[in-house]
Amino acid sequence: MPELPEIETIKNELSPRITGQCFTDAVILDQKILAGGSVDELRDGLIGRCIETLARRGKYLILHLSGDVSLIMHLRMTGALLLNPSEIDSYARAVLVLGNGCRLVFRDQRRFGLIWLVDDAKTVIGRLGPEPLEQDFTPDLLEQKLSRRHIPVKAALLDQRIVAGIGNMYADESLFAAHIHPLRRASELSAEEVCRLYQCICSILRTAIECKGASVDTYVLPDGEAGTAHCEFKVAHRGGKACAVCGGIIERVPIQNRGSYFCPGCQPLCTDQPSA
DNA sequence: CTTGGGACCTGGCTGC
DNA sequence: TGCAGCCAGGTCCCAA
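For the first sequence, counting from 1, position 93 maps to 525 in my numbering; every step adds exactly one.
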């Protein structure tokens with residue numbers, strides 16, 4: 433699933449290859465990919481505009497275009513952005529053609545991914561919380577936000593208004609690294625625990641970016657290569673397997689209808705019983 | 001205001 | 001072998 437490290441990787445890989453290029457054509461193969469407006473409106477708004485910069489906000493990829501317009505993409509669960517793929521298969525939803533001949537293909541099995549073309553990016557990303565790897569995200573800010581929420585801390589980490597870009601995989605990995613059970617109430621974490629969680633979130637995300645993302649399910653880099661961040665996973669998608677730290681069996685519990693994986697030995701629900 | 005649950009979508013897996 | 005049913009999950013929307 434593309435989360436912050438995967439989108440950051442896609443941005444980094446695409447940026448040197450498409451910055452400065454103008455759109456010469458846009459073929460929308462599945463109208464459902466458009467978050468608003470018609471196919472003609474998108475084509476009219478896109479063709480002739482140049483890509484000035486690429487940015488990422490949370491799990492959104494933002495292409496700042498000439499004329500103060502932004503093309504925003506969200507890959508949701510199974511989306512991928514491919515640059516000049518050898519084949520355009522039945523899962524291709526949009527093909528964007530650039531002046532240098534490059535074809536940027538939005539591929540998506542489950543048809544949840546979305547594209548916006550807007551004058552003001554804030555209409556799409558305005559509600560997002562702080563960027564976890566930026567300076568304005570601090571342990572104090574995280575503690576302040578978590579203290580008001582009486583939901584499981586795992587659910588709080590998935591709330592993009594609390595912190596942007598964390599999804600199911602990296603929430604599980606961050607909680608494991610911080611030795612915090614995913615069902616602990618967000619508001620009941622100690623200041624020390626929140627600080628630990630903050631450090632683990634930053635560390636887990638940075639490592640995943642260095643690995644160019646986690647290729648579970650359909651995520652690949654724009655050139656079709658796989659990332660390797662999933663090789664570092666300790667609990668995510670490892671239900672029933674042995675914990676590499678304590679040897680216990682990794683369990684799965686549903687939280688907000690999402691599978692949450694954790695090690696009951698390393699992440700005790702009771703805080704007064706230190707882990708092995 | 002907060003919280004919880006359903007909808008969206010389809011490939012892959014399980015079980016009969 | 002065939003098929004029904006369920007699971008995966010990011011975000012939005014609605015109800016309590």
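Don't be surprised by glycine CBs; every beta carbon is placed ideally from N, CA and C.
Since we're looking at a predicted model, the values are computed, not measured.
- Counting only runs that start and end inside the segment 460-507, the alpha helix (DSSP H) elements of at least 4 residues fall at 471-478.
- Straight across, the Cα-Cα distance linking residue 453 with residue 484 is about 8 angstroms.
- Bounds of any beta strand (DSSP E) do not take in residue 665, whose DSSP letter is neither H nor E.
- If you draw a straight line from the Cα of residue 600 to the Cα of residue 682, it is about 16 angstroms long.
- Look at residue 564 here: in three-state DSSP terms it is coil, with no helix or strand label.
- Bounds of the beta strand (DSSP E) holding residue 694 are 690-694.
- Straight across, the Cα-Cα distance linking residue 625 with residue 557 is about 29 angstroms.
- Closest by C-alpha distance to residue 680, out of 670, 570 and 464, is 670.
- The alpha carbon of residue 437 has as its nearest neighbour, out of 566, 479, 519 and 597, the alpha carbon of 597.
- DSSP lists 530 as the beta-bridge partner residues of residue 455.
- The DSSP-derived three-state label of residue 683 is strand.
- Judged by DSSP in its simplified three-state form, residue 540 adopts strand.
- Counting only residues of its own chain and dropping the five nearest sequence neighbours on each side, residue 653 has a CB closer than 8 angstroms to the CB of 441, 442, 445, 644, 645 and 659.
- Under the three-state reduction of DSSP, residue 584 is assigned to strand.
- In this structure, residue 564 lies near residue 633, with their beta-carbon atoms less than 8 angstroms apart.
- Excluding sequence positions up to five before and after residue 614, its CB lies within less than 8 angstroms of the CB of 584, 585, 586, 603, 604, 607, 685, 687, 692, 694 and 699, all in the same chain and listed in chain order.
- For residue 650, the CB contacts under 7 angstroms within the same chain, skipping 5 residues up- and downstream, are 510, 512 and 541 in chain order.
- Taking a contact as a CB-CB distance under 8 angstroms, the pair residue 562 and residue 595 counts as one, their CB atoms being some 6 angstroms apart.
- Residue 689 and residue 533 have their alpha carbons spaced roughly 43 angstroms apart.
- In this structure, residue 491 and residue 566 do not form a Cβ contact; the two beta carbons are roughly 15 angstroms apart against a cut-off of 8 angstroms.
- Excluding residues up to 5 positions away in sequence, 539 lie with their Cβ nearer than 8 angstroms to the Cβ of residue 521 in the same chain.
- Taken atom to atom, the span from the alpha-carbon of residue 457 to that of residue 610 is near 48 angstroms.
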